[in-house]
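Residue numbers (numbering that gives the first Met the number 0), protein chains in the order written: chain L, 0 to 138; chain B, 0 to 138; chain G, 0 to 138; chain D, 0 to 138. Cβ coordinates follow ideal geometry from the N, Cα and C atoms, glycine included. A quick note: this is a predicted structure, and the numbers were derived from the prediction, not measured.
4 protein chains.
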Amino acid sequence: MSHFSVQQKILFQHCDPAGIVFYPRYFEMINAAVEAWFEEGLGVSFATLHGERGHAVPTVTINTTFQNPSHLGDVLAIDITVLKIGGASLDLEICAQSAGTKRFEATLTLVHINKETGRPHSWSDDLRDAINILLKETS
Amino acid sequence: MSHFSVQQKILFQHCDPAGIVFYPRYFEMINAAVEAWFEEGLGVSFATLHGERGHAVPTVTINTTFQNPSHLGDVLAIDITVLKIGGASLDLEICAQSAGTKRFEATLTLVHINKETGRPHSWSDDLRDAINILLKETS
Amino acid sequence: MSHFSVQQKILFQHCDPAGIVFYPRYFEMINAAVEAWFEEGLGVSFATLHGERGHAVPTVTINTTFQNPSHLGDVLAIDITVLKIGGASLDLEICAQSAGTKRFEATLTLVHINKETGRPHSWSDDLRDAINILLKETS
Amino acid sequence: MSHFSVQQKILFQHCDPAGIVFYPRYFEMINAAVEAWFEEGLGVSFATLHGERGHAVPTVTINTTFQNPSHLGDVLAIDITVLKIGGASLDLEICAQSAGTKRFEATLTLVHINKETGRPHSWSDDLRDAINILLKETS
């Protein structure tokens with residue numbers, strides 16, 4: 000499979016007084032999944048990206064649907080699929096499920112920027128190559 | 000004006016190593032704005048809604064665009080406008096700006112549910128009436 | 000009164016599945032109270048301190064007791080009292096109460112550092128003067 | 000070794016504008032370590048404890064020292080050692096280190112309560128037995 004997958008356990012700190020995940024915590028999980036994907040799937044950690052490279056990858060749009068609630072102790076499988084790469088942008092689809100039911104789906108656009116200027120900065124060759132390999136496997 | 004507005008200062012805890020708001024924190028701000036709107040705009044606090052009434056208003060979809068970054072110390076004006084009310088659902092538009100620039104815009108759908116069953120539950124009359132008044136003022 | 004006080008409402012995002020404040024959220028509130036105190040009580044905002052001045056005030060020790068749980072909708076009064084100022088350190092006492100009961104008490108030590116080097120940096124004259132005035136009022 | 004240890008990677012979401020861990024996030028890590036210890040070390044998950052058993056284990060005091068800052072990408076080893084068990088209380092020591100330097104140390108007291116009443120509730124036999132075994136190994 001060409002998509003990247005991480006496991007995320009639902010902890011006490013993710014849950015609200017209704018006993019289910021407080022939805023802003025899902026966006027922390029999405030960010031952590033993307034962070035793991037950059038390091039393990041694309042070969043460039045956020046420490047390297049933000050540190051020595053002086054880049055960042057802010058999210059500029061994200062559309063999310065929450066299909067079913069998640070409870071304390073659930074283990075989510077969060078899958079990332081590359082939809083499209085642009086000069087400095089990247090469209091991803093993120094899907095989380097557990098115990099046979101979808102929990103949430105998101106499509107998002109990241110932009111690769113120069114941290115100093117805040118302006119879009121073309122993807123580094125290593126990142127572009129790694130992303131293109133995933134795109135070919137998917138299509 | 001028929002929309003509800005809250006002020007939100009950008010605190011140290013909202014900001015990431017790039018010195019700007021970490022976007023999952025925006026969803027906490029959105030939730031806090033909706034929470035303030037229920038209490039101050041619609042007359043039913045979340046404590047009452049979740050407590051004695053046994054209801055909840057989970058977000059089922061949210062589409063968000065982040066136009067410009069926000070920095071430590073910025074004060075955002077977060078506006079909520081009602082788009083549509085259904086039997087147990089509610090569509091809202093949320094727009095945040097500061098110093099003349101848009102920071103983010105979101106459209107979201109809430110569902111009014113029974114906490115016990117997790118099933119949609121028709122809006123209480125007082126909430127429906129308060130929302131309908133806002134809708135008329137907007138149109 | 001020589002102490003500084005802020006109000007903090009308990010929001011949905013602060014509460015756990017037991018319906019009470021998840022205690023790590025109290026440390027966000029403590030940090031926000033100290034941040035408000037620097038800006039409103041001492042006259043130097045965190046944006047100025049961390050930005051143009053290039054300083055920071057990390058917490059190096061904090062001892063906390065949680066006397067009573069706080070619930071959704073409670074409004075806490077969080078008081079800050081200066082205990083002692085050193086060359087680059089500051090000892091504070093923080094006490095939160097609501098509806099006549101104590102919720103938590105903390106004593107903490109901050110250190111004023113140079114962000115670049117991470118090393119202690121003597122208090123700026125304006126901060127030291129403002130803190131000393133508070134100390135005299137307290138004693 | 001009789002202590003329990005978990006690994007915690009420092010993620011983007013833990014870091015502040017100074018590029019180091021924002022200290023309230025350490026308390027989320029402490030809570031997550033205790034949560035993992037209950038499930039993996041003591042055999043009772045928080046889902047079981049809070050769900051079918053109707054209990055909770057709020058923290059009533061926590062004293063913490065932060066020795067050295069942690070940065071994005073660091074991997075902390077967080078160790079939990081049992082200090083003392085009472086009728087319904089538990090004293091723990093938590094120590095986090097990475098790359099040969101201490102990051103923080105905490106001593107904390109938990110109380111085992113009945114969620115309904117909020118009152119202390121004697122440790123269940125299985126939890127008390129599991130904790131006593133660890134205490135014997137330590138001493």
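Bridge partners of residue i, per DSSP?
{"i": "residue 110/L", "result": "88/L"}
{"i": "residue 60/G", "result": "108/G, 64/D"}
{"i": "residue 119/L", "result": "112/L"}
{"i": "residue 3/G", "result": "79/G"}
{"i": "residue 13/L", "result": "Answer is none; residue 13/L lacks a bridge partner."}
{"i": "residue 55/G", "result": "112/G"}
{"i": "residue 8/L", "result": "74/L"}
{"i": "residue 103/D", "result": "65/D, 95/D"}
Any idea what DSSP makes of residue i, helix, strand or coil?
{"i": "residue 82/D", "result": "strand"}
{"i": "residue 71/D", "result": "coil"}
{"i": "residue 93/B", "result": "strand"}
{"i": "residue 126/D", "result": "helix"}
{"i": "residue 41/L", "result": "coil"}
{"i": "residue 133/G", "result": "helix"}
For the candidate residues the options, whose alpha-carbon lies nearest to that of residue i?
{"i": "residue 95/L", "options": "80/L, 131/L, 88/L, 118/L", "result": "80/L"}
{"i": "residue 127/L", "options": "11/L, 101/L, 90/L", "result": "90/L"}
{"i": "residue 223/B", "options": "86/G, 71/G, 120/G, 109/G", "result": "Past the boundaries of the shown model lies residue 223/B; chain B is included only from 0 to 138, so the question cannot be answered."}
{"i": "residue 44/L", "options": "53/D, 8/D, 103/D, 100/D", "result": "8/D"}
{"i": "residue 103/D", "options": "17/D, 22/D, 136/D, 14/D", "result": "22/D"}
{"i": "residue 13/G", "options": "14/D, 27/D, 10/D", "result": "27/D"}
{"i": "residue 67/L", "options": "31/L, 60/L, 101/L, 75/L", "result": "101/L"}
{"i": "residue 30/L", "options": "99/L, 52/L, 106/L", "result": "106/L"}
{"i": "residue 6/B", "options": "50/B, 85/B, 98/B", "result": "98/B"}
{"i": "residue 82/D", "options": "116/D, 118/D, 56/D, 109/D", "result": "109/D"}
{"i": "residue 93/B", "options": "135/B, 55/B, 62/B", "result": "62/B"}
{"i": "residue 10/D", "options": "118/D, 69/D, 134/D, 113/D", "result": "69/D"}
{"i": "residue 19/G", "options": "56/D, 73/D, 84/D", "result": "56/D"}
{"i": "residue 85/G", "options": "114/G, 120/G, 115/G, 4/G", "result": "120/G"}
{"i": "residue 133/L", "options": "32/L, 40/L, 87/L", "result": "40/L"}
{"i": "residue 87/G", "options": "4/G, 118/G, 3/G, 42/G", "result": "118/G"}
{"i": "residue 141/B", "options": "54/L, 16/L, 33/L", "result": "The structure shown does not extend to residue 141/B, since chain B spans only 0 to 138, so no value can be given for it."}
{"i": "residue 24/D", "options": "65/D, 42/D, 4/D", "result": "65/D"}
{"i": "residue 144/G", "options": "42/G, 111/G, 78/G", "result": "Any property of residue 144/G remains undetermined from this structure, which presents chain G solely from 0 to 138."}
{"i": "residue 49/G", "options": "123/G, 135/G, 114/G, 136/G", "result": "114/G"}
{"i": "residue 77/G", "options": "135/G, 60/G, 32/G, 116/G", "result": "32/G"}
{"i": "residue 124/L", "options": "42/L, 75/L, 74/L", "result": "42/L"}
{"i": "residue 36/L", "options": "135/L, 130/L, 136/L", "result": "130/L"}
{"i": "residue 4/L", "options": "75/L, 51/L, 116/L", "result": "75/L"}
In terms of residues, what are the limits of the beta strand (DSSP E) holding residue i?
{"i": "residue 45/G", "result": "Where residue 45/G is concerned, there is no enclosing beta strand (DSSP E), although the alpha helix (DSSP H) it sits in stretches over 45-49."}
{"i": "residue 21/D", "result": "Unbroken run through residue 21/D: none, as it is neither H nor E."}
At a cut-off of 7 angstroms, would you count residue i as near the ligand GTP, judging by its Cβ distance to the nearest heavy atom?
{"i": "residue 56/L", "result": "As presented, the structure is devoid of all ligands, the ligand GTP included, so that no description of it is given."}
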